[in-house]
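To convert, count from 1 in the sequence shown and add 50; that's this note's numbering. Read through the structure below, which is laid out as structure tokens, and then see the notes.
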Amino acid sequence: MSATDYLERIPNNVSLKDNRRLLRALEEWQPKFLEWWRDMGPHGYQAKDVYLRTAVSVDTQGWAQFGYLRMPEYRWGIFLAEPEPNRAIAFGDHKGQPAWQEVPGEYRGTLRRLIVTQGDTEPASVEQQRHLGQTCPSLYDLRNLFQVNVEEGRHLWAMVYLLDAYFGRDGREESEALLQRRSGDRDKPRILGAFNERTPDWLSFFMFSFFTDRDGKYQLASLAESGFDPLARTCRFMLTEEAHHMFVGETGVGRIVQRTCELMREHRTEDVRAHGGIDLPTIQKYVNFHFSVSLDLFGSEISTNAANFYTLGLKGRFEETKKDDDHRLKDATYPVADLDGERVAMREQPALVSLNERLRDDYVTDCARGVARWNQVIARAGIDVELTLPHRAFHRAIGCFSDVRVSPEGRVISQAEWDARRDDWLPTKADEAYVGSLMQPVTERGKFANWIAAPARGINGQAMDFEYVRLG
Ligand code: BYC
């Protein structure tokens, strides 16, 4: 393929055409990406026209162009947010120095590790979701799934751009490895726990988009503060797309809750399974699972890695520049949840090593806002039930609570009590089988599966019965 064709296929604002070395690296990587997309991207539908938005530039006109295209022809572009003139590093030991336009040699390994960890989640989520198209509840939802998938693909390109442009040969090797690991593979798993879990049904997908994509929001926002300017600008632009993914999750769960409430009222029963709905206790169990697995993604409560990332100026706090303190945190403390014998207690810890927990706190507050909106749907239906977030120590695999059993209310319990109650708190095989049994594809225009309500409005002002995916 000639360089000119290739450039037309990669919208970018990084002057790709003037950087022959980078162009060559991406030219070598692109066929491998497309092979991965064919093998591990959405199963089926690759030859169908999908109503997708494509980013072709970072300004308000260009970042969301809608039109029909086949997914393998999506133009996975490379975009960085516009540079901030004279940007200075906002935190850590280098605070006040000009932001780095090249990788500082001594931080190379650490920075590469952060970029690889971020990059690894993007293809992982596409792999996790690859079978969902077969069981879509509507054409609208099918289109949203594919939108999320192609954009996660673009986010992979964003990290590969950084690796190829700034990390030389080892960056190129990491770019290859990003296409070789596989979600859930015993020998070559994805790096972070939640990205090796299954996403077998649409309830899981919406929960994942709400809870796990929201970890993405907080991690990207922290990396958007980075002293390494290309990383900061890349993540800023990724955040604009991430918002839609969380919208898909929040409205998806909200629409399921709404339909459940409709069925409860119509049939005057809590047992909506008899009427093909997903009962609120099952929804609660899925909340418990996805919230706890996503909390693990923030790492240990006390982390010298996190302290180093900050002190070196590589990864900041959420909204770092809006915070009113010294942005060095050497003498500051932060309250961190910890195990105190049989209790969970709060303890003041040095702020630097507590940065994972601080970001987790920001995340929990944000999750709680979304859950409150679902509860409004339930309250409006006149039903006296509330969904809740389980305690942060519940069902954890990373950090200080990973060795103990804790109830959703935050009580440390025995293994015997856990074994007796686990099925009340987390989805069981039977719950998964029931939810799975509902996953029958609905592909008629304007129609929705019985277990989910229609959305409030269509995509990009289109009607509800718009042909979001052309199946003919
Ligand atoms: N699973 O000091 P620790 C997204 C490892 S999501 C497995 O506790 P640290 C998206 C850790 O790597 C956002 N391993 O934690 C969402 C370390 O290993 P090494 C993704 C884990 O380093 C949906 C060791 O345990 N972005 O974008 O302070 C769809 C001790 O680590 C886990 C990022 O994560 C786990 N859950 O922080 C698509 C940002 N947790 O290095 C996309 C970049 C920890 O000793 N990553 N470990 O071998 C980071 O900032 C940090 O790596 C972490 C961990 C916050 C993940």
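Beta carbons are placed, not taken as given, at the ideal position from N, Cα and C, and that holds for glycine.
#1: Considering only the beta carbon of each residue, do Asp329 and Phe368 sit closer than 8 Å?
#2: Leu439 and Cys417 - do their beta-carbons sit closer together than 8 Å?
#3: Report yes if the C-beta of Ala271 is less than 7 Å from at least one heavy atom of the ligand BYC; otherwise report no.
#4: Any heavy atom of the ligand BYC closer than 7 Å to the beta-carbon of Ala282?
#5: With a CB to CB cut of under 7 Å and the five nearest residues on each side skipped, what residues in its chain are close to Phe498?
#6: Between which two residues does the beta strand (DSSP E) harbouring Glu320 extend?
#7: So what does DSSP say about Val485, is it helix, strand or coil?
#8: With a CB to CB cut of under 8 Å and the five nearest residues on each side skipped, what residues in its chain are close to Thr54?
#9: Quick check: is any heavy atom of the ligand BYC less than 7 Å from the C-beta of Ala208?
#10: Beta-carbon within less than 8 Å of Ile306's beta-carbon, same chain only, minus the 5 sequence neighbours each way: which residues are those?
#11: Rounded to the nearest angstrom, what separates Tyr56 and Glu77 at their Cα positions?
#12: Mind checking Met51: buried by the 16 CB within 10 Å criterion, or exposed?
#13: Would you say the beta carbon of Gln168 comes nearer than 7 Å to a heavy atom of the ligand BYC?
#14: To which residues of the same chain is His445 closer than 6 Å at the C-beta, ignoring the five residues directly before and after it?
#15: At the level of alpha carbons, what is the spacing between Met514 and Ala274?
#16: Out of curiosity, what's the CA-to-CA distance linking Lys145 and Arg410?
#17: What do you get for Gly486, buried or exposed, if any count of 16 or more other CB atoms within 10 angstroms of its CB means buried?
#18: Check for me: the alpha helix (DSSP H) holding Thr354 runs from which residue to which?
#19: Find the nearest neighbour of Thr525 within the set Ala422, Asn63, Gln512 and Ala480, judged by alpha-carbon distance.
Quick answer:
#1: no
#2: yes
#3: no
#4: no
#5: Pro187, Ser188, Val492 and Ala504
#6: Here Glu320 belongs to no beta strand (DSSP E), and DSSP marks it neither H nor E.
#7: helix
#8: At Thr54 the pLDDT is 32, less than 50, meaning the model places this residue with poor confidence and gives no usable figure here.
#9: no
#10: Leu253, Phe256, Ile328, Ile333, Trp501, Ile502 and Ala503
#11: At Tyr56, the pLDDT of 48 sits below 50, so the modelled position is not reliable and the matter cannot be decided from this model.
#12: The predicted model places Met51 with a pLDDT of 34, which falls under 50 and marks its position as unreliable; any figure quoted below should be read in that light. Label assigned to Met51: exposed.
#13: yes
#14: Ser342
#15: 36 Å
#16: 24 Å
#17: exposed
#18: Thr354 to Thr361
#19: Outside the displayed range of the chain (51 to 522) lies residue 525, so it cannot be described from this structure.
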